[in-house]
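A.B. asks:
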Amino acid sequence: MPPNMSLLQNLGFSSVDIEKLMLWNPRILTQKAERLKDIVDRVEKTFFLSRECNMFIHGVYALAWLDESTVKKRLEIFRSFWWSDSDIFTLVQTCPLCLTKSEAKIRNALNFLMKEIGYESHYLASHPTFLTCSLEKRVLPRHNVLKLLSQKEPTKCSLNLYTAVICSESKFLERYVLPFKDEMPEVYDIYIKSRSR
Numbered sequence: 000m001p002p003n004m005s006l007l008q009n010l011g012f013s014s015v016d017i018e019k020l021m022l023w024n025p026r027i028l029t030q031k032a033e034r035l036k037d038i039v040d041r042v043e044k045t046f047f048l049s050r051e052c053n054m055f056i057h058g059v060y061a062l063a064w065l066d067e068s069t070v071k072k073r074l075e076i077f078r079s080f081w082w083s084d085s086d087i088f089t090l091v092q093t094c095p096l097c098l099t100k101s102e103a104k105i106r107n108a109l110n111f112l113m114k115e116i117g118y119e120s121h122y123l124a125s126h127p128t129f130l131t132c133s134l135e136k137r138v139l140p141r142h143n144v145l146k147l148l149s150q151k152e153p154t155k156c157s158l159n160l161y162t163a164v165i166c167s168e169s170k171f172l173e174r175y176v177l178p179f180k181d182e183m184p185e186v187y188d189i190y191i192k193s194r195s196r
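Each residue of the sequence shown is one higher than the one before, starting from 0 at the first, in numbering that gives the first Met the number 0.
#1: Taking the alpha-carbon of Leu147 as reference, which of Asp37, Glu182, Ser133 and Leu90 has the nearest alpha-carbon?
#2: Does DSSP put Ile77 in a helix, in a strand, or in coil?
#3: Take every Cβ of the segment 65–77, pair it with every Cβ of the segment 48–55, and state whether three or more of those distances are shorter than 8 Å.
#4: Could you tell me the boundaries of the alpha helix (DSSP H) in which Asp188 lies?
#5: Taking the alpha helix (DSSP H) that Glu96 belongs to, which residues open and close that run?
#6: With DSSP collapsed to three states, give me the class of Arg26.
#7: Would you kindly check if the distance between the Cβ of Asn107 and the Cβ of Leu90 is under 8 Å?
#8: Within this structure, are the beta carbons of Arg73 and Lys136 separated by less than 8 Å?
#9: What separation, rounded to the nearest whole angstrom, lies between the Cα atoms of Phe129 and Glu115?
#10: Closer than 8 Å by C-beta to Ser101: which residues in its own chain qualify, once you throw out the five before and the five after it? Chain order, please.
Shown next, in the form of structure tokens:
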């Protein structure tokens, strides 16, 4: 057994968790033992996640890519949008992978979601899918469809953006696009065009 696999087992990781890490980022197992221990310690100290928590492995994956100064820069972006420490704490505990997005992507997402849509930080902290999905390929195209539907057929379907964003592609098309393709072809057109940009 490779040394780092034994180390992870000694640190309390199950064989299932180790397999996940190998699939997500095989380089984790090639890290020096000291660095790997440091990553695990930082997950506990930075994200306040216990090793028994389901999100702990996601924290390890995130911090395998991010050094301490990069994490601080990411957190400062949220603070620049007036996120409280409590909301940031909720976000990183719920979804540490949010911090693996580039600074530009985090900033662009927050600009759109908070300044244009009007979501509050506490709402986004508890709905991290908004920050893990692609703004350009998923959130914006689906927002555009819902906006058009709300203007023309407000009673035809549920128009909650979060519900739309978490749908699979096939489910979104089935629920929000294809039923209106004949009577409102612009709904289909705007979705396809906005996804292809």
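Think of the CB as a built atom: it goes at the ideal place given N, C-alpha and C, for glycine as much as any other residue. Fair warning: this is a prediction, and the values are worked out from it, not measured in the lab.
C.D. replies: Looking at the coordinates:
#1: As a working mapping, residue 147 is identified with position 148 in the sequence shown. Looking at the Cα atoms, Glu182 is the closest of the given residues.
#2: Along the sequence shown, one-based indexing puts residue 77 at 78. Residue identity differs from the one stated: residue 77 is Phe in this sequence, not Ile. Annotated three-state conformation of Phe77 is helix, per DSSP.
#3: As far as the Cβ criterion goes, the segment 65–77 does not touch the segment 48–55, which means the pair count is below three.
#4: One-based indexing of the sequence shown puts residue 188 at position 189. That run of the alpha helix (DSSP H) goes Pro184 to Arg194.
#5: Counted from its first residue, the sequence shown places residue 96 at position 97. According to the sequence provided, residue 96 is Leu. The question's Glu does not apply to it. Unbroken run through Leu96: none, as it is neither H nor E.
#6: Stepping through the sequence shown from its first residue, residue 26 is reached at position 27. Residue state, collapsed to three classes: helix.
#7: Locating residue 90 in the sequence shown gives position 91, counting from the first residue. Locating residue 107 in the sequence shown gives position 108, counting from the first residue. For Leu90 and Asn107, no; Cβs fall outside 8 Å.
#8: The count along the sequence shown starts at 1 and reaches residue 73 at position 74. The count along the sequence shown starts at 1 and reaches residue 136 at position 137. With contacts defined by Cβ atoms closer than 8 Å, Arg73 and Lys136 do not form a contacting pair.
#9: The sequence position of residue 129 within the sequence shown is 130, counting from 1. The sequence position of residue 115 within the sequence shown is 116, counting from 1. In a straight line, the C-alpha of Phe129 is about 14 Å away from that of Glu115.
#10: Counting from one through the sequence shown, the residue named residue 101 turns up at place 102. Excluding sequence neighbours, Ser101 sits near nothing in its chain.
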